[in-house]
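First the structure, in the form of C-alpha cells, and then the observations on it.
Protein chains: 2
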Amino acid sequence: MCDQCGCQANTARGRKVLDINKSLLEENQKLGEENRRHIQEMGAVGINIISSPGAGKTTLLEATADAAAGHFSFGVIEGDIETERDAERIRKKGIPAVQITTGGACHLDAHLVHGGIHQIQDTAGPEGLDIIFIENVGNLVCPATFYLGEHQRIVMVSVPEGSDKPAKYPRAFIGSDLFIISKADLLPYFDFSMEEASEEAKRLNPDIKILTVSAVTGEGMEHWLSYLSGLLNR
Amino acid sequence: MCDQCGCQANTARGRKVLDINKSLLEENQKLGEENRRHIQEMGAVGINIISSPGAGKTTLLEATADAAAGHFSFGVIEGDIETERDAERIRKKGIPAVQITTGGACHLDAHLVHGGIHQIQDTAGPEGLDIIFIENVGNLVCPATFYLGEHQRIVMVSVPEGSDKPAKYPRAFIGSDLFIISKADLLPYFDFSMEEASEEAKRLNPDIKILTVSAVTGEGMEHWLSYLSGLLNR
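Protein chains in written order, with this note's numbering: chain A, 1 to 234; chain W, 1001 to 1234.
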C-alpha cells in the first residue's frame, strides 16, 4: 500500500503509515458494510460509479432519469472535491441528489457516504428509492481502493480517453462488475479499439460485463436500463 | 490533509496519520529540491505535466518531438501505474524516455522521480538535454500535492472532459504555471466553454498562462514551442 494514499504501492518506506492505513482501510470496510445494511433496509440497491474526470458519469445519470421514468426510481449521492454542480444537474431532472464535497480528498470513503445515505433517505418520498447511485470523485485510481457499501461497482471509460485504460489502471477493473464505454457516438472519430479495451478488461476480470453507451444518441441505453432492472430487489 | 492520501481534506480522524503524512510530505519536498539541483546541474529545465487519464499528455509529447527537432532536445520520465507503453511511444520518436511504474500508487513522488533523473541522464547523449518532461500518472487530484523538483508545472484538460474541471479540481490549477487545453480540434463538437475554463483557472491562479493546442491539426503548437523555448537555460 502506498504510504501517502490507500492505493497499492511497492514501497519500503513508511511501515508505520502502512499499518495505520491498513487499520483505516479495515475501519472503512466495516463502515462500508454498515452502509450496505442501511441501503438494504431502504429496499434499495447501491451502485458506485468510478471514472476519470469528464468521462460522463453525471451525463449518463441525467439520461437515465429520462429513460427510467415509469420503470424504477433512483437517487444520487454526488462526490466531488469542490462545487455543488453535479447534484444541481441531477435535481433539475427531478431526481433526489445529495452533494458530498470531500474538501480536497481524491476519493469518497464509507464515512462520507454514510452521511449521504441518511440525507438521500430524507429527500426521497414515502415510496423510497429502488437504486442509490454513488457518483465517486473523478479519479480512476484511488476510489478503486475504498468500499462504500455498494452492491455493484461500475467503472466507466469514455472513448476520447483511449482503449489502453484497462491495462494502465487495472485495479478499477479488477474490482468492478460492469465496464461502461461511454461517448460511443465518438467512436468513428477516435483511435479507440473496442477489442483492446474489452480483452484487457476481461483478462483482468473475466466476470466483468461490458456495455457501450452514448447518452447523446441513446445508443446502448436500452441495455443499460435492462441491466439496472435486473439488479432491483423486487 | 486526507488521512489516506497526501491531498487536502477536512477530516477530524487520523491525527497520527496526518502527522506522519506531514513528515512524508516534508521529506518529499526535500527530495524534490535535490531533484531540482540534479536537473539544473544537467543544464536542463524540469517540467511536470498533470492531467486526467487520456487527456493527451503522451500525444502532445510525441507531437513535440516532431516540432522541436533542431530547436531543442528533451527527454521524458514517464509515470504510470502499470505498463511500459508510454515510454515506448516516446522512444519510437527518437526521444530518450524512462518508464517509472508506481505499482499501484496514484501519483509520482520525488523519490521515484529521483531514480528516473539518473536514468534519463544515462540515456541522453554527451550534449545533454534542454528539457526533462515528467509525465505524471493520469490523475487530476493527488499528483497536485507532490513536488517533484520541477521548474514548471503544467496542468492539461482535454476538450471532451468539459470546461468545469478547474472549478472541480482547483488544487491542480493553483499550483501550475501553464494550463493547456488539449484536443482543441474537438471544440466544435463539444459543449466546452473556453470562457468558463479560462476565467475559473485565472480566478484560482491569476498568474497561470493558458494555451490551446491540438496535436492532430497542429493548432497552437507554435505557441507551445515558443513557450518551451522561453524556459531554456541559454
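A virtual CB, placed ideally from N, CA and C, is assigned to each residue, including glycine.
Can you give me the C-alpha to C-alpha distance between residue i and residue j, rounded to a whole angstrom?
i	j	result
W/Met1001	W/Leu1225	Note that W/Met1001 scores a pLDDT of 33, beneath 50, so its modelled location is shaky and nothing firm can be said.
W/Pro1160	A/Ile154	21 Å
A/Arg91	A/Phe146	26 Å
A/His151	A/Ile131	10 Å
A/Tyr189	W/Asp1185	11 Å
A/His114	W/Glu1088	44 Å
W/Ala1012	W/Leu1232	In this predicted model, W/Ala1012 has a pLDDT of only 39, less than 50, meaning its place in the structure is not dependable enough to derive any value.
A/Asn21	W/Ala1097	33 Å
W/Ala1044	W/Gln1099	19 Å
W/Pro1053	A/Lys165	8 Å
A/Leu24	A/Leu148	13 Å
A/Asn35	A/Ile174	22 Å
A/Asp214	A/Arg37	Here residue 214 of chain A turns out to be Ser, not Asp, going by the sequence shown. Each residue's Cα considered, the two are about 33 Å apart.
A/Glu200	W/Phe1072	38 Å
A/Thr101	A/Ala110	14 Å
W/Ile1095	W/Gly1104	26 Å
W/Lys1168	W/Gly1138	16 Å
W/Gln1004	A/Thr83	Reliability fails at W/Gln1004, whose pLDDT of 39 lies under 50, so the model's placement of it is uncertain and no value is given.
A/Ser193	A/Arg203	15 Å
W/Thr1217	W/Glu1195	22 Å
W/Glu1222	W/Asp1066	12 Å
W/Cys1106	A/Asp191	26 Å
A/Pro239	A/Gly46	Outside the displayed range of chain A (1 to 234) lies residue 239 of chain A, so it cannot be described from this structure.
W/Thr1064	A/Thr64	41 Å
A/Met42	A/Glu33	14 Å
W/Gly1125	W/Gly1230	23 Å
A/Glu26	A/Cys142	16 Å
A/Lys183	W/Lys1183	15 Å
A/Leu187	W/Leu1187	17 Å
Can you name the residues that DSSP bridges to residue i?
i	result
A/Gln152	A/Ile47
W/Gln1040	None, per the DSSP bridge assignment.
A/Asp235	Here chain A has residues from 1 to 234 only, and residue 235 of chain A is not among them.
W/Ile1180	W/Met1156 and W/Leu1211
A/Gly56	Answer is none; A/Gly56 lacks a bridge partner.
A/Phe74	A/Ile131
Sorry if obvious, but does the Cβ on residue i come closer than 7 Å to a heavy atom of the ligand PLP?
i	result
A/Asp191	Ligands displayed in this structure: none; no statement on the ligand PLP is therefore possible.
Since residue i contacts residue j with CB under 8 Å, what's their CB separation in whole angstroms?
i	j	result
A/Asn136	A/Asn48	6 Å
W/Ile1039	W/Ile1117	6 Å
A/Ile50	A/Leu140	7 Å
W/Ile1120	W/Ile1077	6 Å
A/Asp86	A/Thr123	Going by Cβ atoms, the distance from A/Asp86 to A/Thr123 rounds to 15 Å, so no, they are not a contact pair.
Is the CB-CB distance between residue i and residue j below 8 Å?
i	j	result
W/Ala1144	W/Ala1172	yes
W/Val1157	W/Ala1055	yes
A/Gly79	A/Leu60	no
W/Phe1179	W/Ile1208	yes
A/Gly220	A/Leu211	yes
A/Lys93	A/Glu127	no
A/Asn205	A/Ser176	yes
A/Leu31	A/Gly75	no
Exercise. Which ranges would you report for the alpha helix (DSSP H) in the region 108-134 of chain A if only whole runs of at least 4 residues count?
Worked result: As far as the region 108-134 of chain A is concerned, its whole alpha helix (DSSP H) runs of at least 4 residues are 110-123.
For this session: Anything in the region 138-155 of chain A with a Cβ closer than 9 Å to a Cβ of chain B? List those residues in chain order, please.
Result: Of the chains in the structure shown, none is chain B; the protein chains are A and W.
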